[in-house]
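Trainee: Top to bottom, those sequences are chains G and P.
Residues in the first sequence are numbered from 71 upward in steps of one, following our numbering.
Residues in the second sequence are numbered from 71 upward in steps of one, following our numbering.
What follows is a single structure, and I will ask about it in a moment.
2 protein chains.
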Amino acid sequence: MIVTIVHVKVKQEHLHEFIRATVINHEYSVKEPGNLRFDVLQNEGDPTRFALYEAYENEAASAAHKNTPHYLTWKEMVAPWMAEPREGVRYQGLMPLSRA
Amino acid sequence: MIVTIVHVKVKQEHLHEFIRATVINHEYSVKEPGNLRFDVLQNEGDPTRFALYEAYENEAASAAHKNTPHYLTWKEMVAPWMAEPREGVRYQGLMPLSRA
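Here's what the structure looks like:
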């Protein structure tokens, strides 16, 4: 399992638009082949901070996400709403060992 | 869904012991009532950094984890292996809406 945690800080005035756009991205992303998780998380201490938890079965499936129309649309749409540059941190998933 | 991402930095010489202890914690944690995910992740850029991705159905299930024998055993066992204090960041899960 390959995981990217994307850390996002959104401008307060675009919070609801960001959530709407990201929910749509989630809906399409979980249908990608090889997607295991695409969790959309809102920071409890600072609701303008989010984490996107994106898990794929392998490197190819993870890379393919960045060429999907829904990702490219989301990326362009949310760009002006960012309060800080997004930061993605990559991990190797040690557990669980399988989809189960 | 309530999510805690626990960020861990481990002393190089205790890396393998940490992974072994954390795999055991994972095995018990995913069997807790209300647990949705307990992913063990190793940072690609710095393999001594880990993230534990702990998702529960609700606040009560999340809180109950901290009273389980496997969590308390893990916490005591790994304490001397930490290179930095652990940091847990709490999130409200917006998506997915259900376990499915």
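Using N, Cα and C, we set each Cβ at its ideal position, and we do this for glycine too.
In angstroms, rounded to a whole number, what distance separates the CA positions of G/Glu154 and G/Lys79?
Mentor: 6 angstroms
Trainee: Note down the Cα distance separating G/Glu97 from G/Arg90, rounded to an integer number of angstroms.
Mentor: 11 angstroms
Trainee: Where DSSP assigns a beta bridge to G/Ile75, which residues make up the other side?
Mentor: G/Tyr123, G/Val159
Trainee: What span of residues does the beta strand (DSSP E) with G/Val93 cover, start to end?
Mentor: Counting along the chain, G/Val93 falls outside any beta strand (DSSP E), though it belongs to the alpha helix (DSSP H) covering 85-99.
Trainee: Check the Cβ of G/Tyr161 against every Cβ in chain P and list those closer than 7 angstroms, keeping chain order.
Mentor: Leu111, Gln112, Asn113, Glu114, Ala121
Trainee: Near P/Leu106, what residues of its chain come up, given a Cβ to Cβ distance below 8 angstroms and the 5 sequence neighbours on each side ignored?
Mentor: Met71, Ala125, Tyr126, Glu127, Arg169
Trainee: In its own chain, which residues sit with a C-beta less than 8 angstroms from the C-beta of P/Ile94, not counting the 5 before and 5 after it?
Mentor: His140, Trp144
Trainee: Run the CB neighbour count on G/Leu142, radius 10 Å, all protein chains shown included, and call it buried at 16 or more, exposed below.
Mentor: Around the C-beta of G/Leu142, fewer than 16 other C-beta atoms lie within 10 Å, and the residue is accordingly described as exposed.
Trainee: Rounded to whole angstroms, how far is the Cβ of G/Val76 from the Cβ of P/Asn113, which I believe are closer than 8 angstroms?
Mentor: Going by Cβ atoms, the distance from G/Val76 to P/Asn113 rounds to 15 angstroms, so no, they are not a contact pair.
Trainee: Give the interface partners of G/Pro150 over in chain P, defined as CB-CB distance under 8 angstroms, in chain order.
Mentor: Chain P residues near G/Pro150: none, gap ~21 angstroms exceeds 8 angstroms.
Trainee: Quick one: give me the first and last residue of the beta strand (DSSP E) that P/Leu167 is part of.
Mentor: Taken as a continuous stretch (DSSP letters only), P/Leu167 belongs to no beta strand (DSSP E), as it is neither H nor E.
Trainee: Would you list the one or two residues that DSSP bridges to P/Val110?
Mentor: G/Met165, P/Leu122
Trainee: Less than 8 angstroms between CB atoms is the rule here; does G/Ile94 satisfy it with respect to chain P?
Mentor: no
Trainee: In terms of alpha-carbon separation, which member of P/Ser132, P/Pro117, P/Phe120 lies closest to P/Ser99?
Mentor: P/Ser132
Trainee: Taking a Cβ distance cut-off of 9 angstroms, strictly less, list which residues of the segment 73-88 of chain P are near chain G, in chain order.
Mentor: Val73, Ile75
Trainee: Compare the C-beta of P/Met147 against all C-beta atoms of chain G and say whether one is closer than 8 angstroms.
Mentor: no
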